[in-house]
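Protein sequences, first through last, are from chains A and B. When we follow the numbering used here, the leftmost residue of the first sequence carries the number 1, and every step to the right adds one. When we follow the numbering used here, the leftmost residue of the second sequence carries the number 1, and every step to the right adds one. Here a beta-carbon is modelled for each residue, glycine too, at the ideal position from N, C-alpha and C. Predicted model only: the values in this text are computed from it and were never measured.
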Amino acid sequence: MPDIFIPKSPKTEKHIRVPLLSTNSKEHNHPFASFCDTPSNISFHNQEPDEKIVLLLRRHFITNFSWIIITVILVLLPLLTNILGINIQAFLPFFPARFFMVGLIFYYLIIFSYAFINFITWYYNIFLVTQKRIVDIDFSDIVYHNVAITKLNLVEDVNYTQVGFIPSLFNFGDLFVQTAGEVKHFEALKIPKPNDATHIIQDLIGGKHHV
Amino acid sequence: MSNEIVLSQLLQPLLLTKIFFLILIFAYIIFAIVIARQVRVMNNVVTEKQSSMLLSLLSIINVIAAISLFIVTLAIL
Chain A
1 MPDIFIPKSP KTEKHIRVPL LSTNSKEHNH PFASFCDTPS NISFHNQEPD EKIVLLLRRH
61 FITNFSWIII TVILVLLPLL TNILGINIQA FLPFFPARFF MVGLIFYYLI IFSYAFINFI
121 TWYYNIFLVT QKRIVDIDFS DIVYHNVAIT KLNLVEDVNY TQVGFIPSLF NFGDLFVQTA
181 GEVKHFEALK IPKPNDATHI IQDLIGGKHH V
Chain B
1 MSNEIVLSQL LQPLLLTKIF FLILIFAYII FAIVIARQVR VMNNVVTEKQ SSMLLSLLSI
61 INVIAAISLF IVTLAIL
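Have a look at this one:
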């Protein structure tokens, strides 16, 4: 008598299918990556022992270009004034040179803080996908951070948008995850390879997608 | 008489500038401490061994540099 139905064994049901990716994970698996599949050496608060991070997303590094340029200009500004022969001490002759030295050091400390804050704002804004959950960590304005977590089985829809010349050129866009949980929308803005990220999440949830 | 001398000394431009610098640098020290604390908080939220250590180190160096500048300003200005 032929078998009509063969139930799945419990062992195969527990097997977690890790989606195949076209990217070379070794190239992108470094601490400051914007798109990293199965990152190593990274963990988050409340991560379960058997929970593995499948995808790590940050804003594309090109989005840091503006503050990097500003930092470089500000760093070079005192040197440029020297080269152009502009002597600031000549405008304030009653101040001794040591005042200008302290002022210069303080100026460079401010620039360092500016660059550091911009960097950590980029670095700590992370979108993580594990085989069980989606974790969205938002960090802004130094003193604000928000962690939103949802289970994968609550994810209803995943889509992405890529609008504009620069996003198309550098292949970054916005990823949106709609959930049935308390937090309705999870967003990962200006992430690299949004198409790949969408497919990874879809593979994990086993659903349809909208482009 | 002595009060007038103290007041006149306080109103000297260089002394006023020094006090202004000290206030600014002190405010920056507080700011740097807040940054260091937030880096520590965020490293507890998401941890990557090498980069978390590096960012913590940079934030602490920032605080130390600010405190050092305060002491130098107090001493030499």
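Exposed or buried, which one is residue i when buried takes at least 16 other CB atoms within 10 Å?
i          : result
Met-42(B)  : buried
Asn-44(B)  : exposed
Lys-190(A) : buried
Leu-54(B)  : exposed
Val-129(A) : buried
Arg-59(A)  : buried
Phe-20(B)  : exposed
Asn-153(A) : exposed
Ile-5(B)   : exposed
Val-39(B)  : buried
Asn-41(A)  : exposed
Asp-3(A)   : exposed
Ile-30(B)  : exposed
Cα separation between residue i and residue j?
i          : j          : result
Ser-168(A) : Gln-162(A) : 7 Å
Gln-212(A) : Lys-151(A) : Absent from the model: residue 212(A). The displayed extent of chain A is 1 to 211, so no value can be given.
Val-34(B)  : Ala-148(A) : 23 Å
Pro-13(B)  : Ile-68(A)  : 37 Å
Gly-103(A) : Ile-111(A) : 12 Å
Pro-75(A)  : Asn-82(A)  : Per the sequence shown, residue 75(A) should be read as Val rather than Pro. For Val-75(A) and Asn-82(A), the distance between alpha carbons rounds to 13 Å.
Val-54(A)  : Ile-86(A)  : 55 Å
Asn-3(B)   : Lys-18(B)  : 21 Å
Lys-52(A)  : Asp-141(A) : 30 Å
Gly-206(A) : Thr-63(A)  : 31 Å
Ser-51(B)  : Ala-90(A)  : 44 Å
Pro-7(A)   : Thr-38(A)  : 31 Å
Ser-66(A)  : Ser-8(B)   : 48 Å
Val-72(A)  : Phe-186(A) : 34 Å
Asn-171(A) : Gln-47(A)  : 30 Å
Ile-88(A)  : Tyr-123(A) : 37 Å
Between which two residues does the alpha helix (DSSP H) containing residue i stretch?
i          : result
Arg-37(B)  : 13 to 45
Phe-99(A)  : 97 to 124
Asn-62(B)  : 49 to 76
His-199(A) : 194 to 205
Phe-170(A) : 165 to 170
Phe-91(A)  : 88 to 91
Compare the beta carbon distance of residue i and residue j with 8 Å and say whether it is the shorter of the two.
i          : j          : result
Ile-268(A) : Leu-69(B)  : Outside the displayed span of chain A (1 to 211) sits residue 268(A), for which this structure offers no information.
Leu-16(B)  : Thr-73(B)  : no
Pro-194(A) : Gly-181(A) : no
Ser-34(A)  : Phe-61(A)  : yes
Leu-204(A) : Ala-188(A) : no
Phe-119(A) : Leu-57(A)  : no
Glu-48(B)  : Pro-192(A) : no
Val-63(B)  : Phe-44(A)  : no
Asp-136(A) : His-145(A) : no
Ile-200(A) : Val-177(A) : no
Tyr-160(A) : Thr-198(A) : yes
Ala-32(B)  : Ala-66(B)  : yes
Ile-76(B)  : Arg-98(A)  : yes
Phe-116(A) : Leu-57(B)  : no
Thr-179(A) : Val-155(A) : yes
Per DSSP, residue i forms a beta bridge with which residues?
i          : result
Thr-81(A)  : Paired residues: none, contrary to the question.
Gln-222(A) : Only positions 1 to 211 of chain A appear in the structure, and residue 222(A) is not among them; the question remains open.
Thr-130(A) : Ile-53(A)
Asp-37(A)  : Leu-55(A)
Ser-140(A) : Tyr-144(A)
Val-135(A) : Leu-128(A), Ile-149(A)
Ile-191(A) : Gly-173(A)
Over the uninterrupted beta strand (DSSP E) stretch that includes residue i, give me the two end residues.
i          : result
Ile-53(A)  : 53 to 57
Ala-148(A) : 144 to 151
Phe-44(A)  : 42 to 44
Can we count residue i as close to the ligand NAD, meaning its CB is less than 7 Å from some heavy atom?
i        : result
Pro-7(A) : This structure lacks the ligand NAD, and indeed carries no ligand of any kind.
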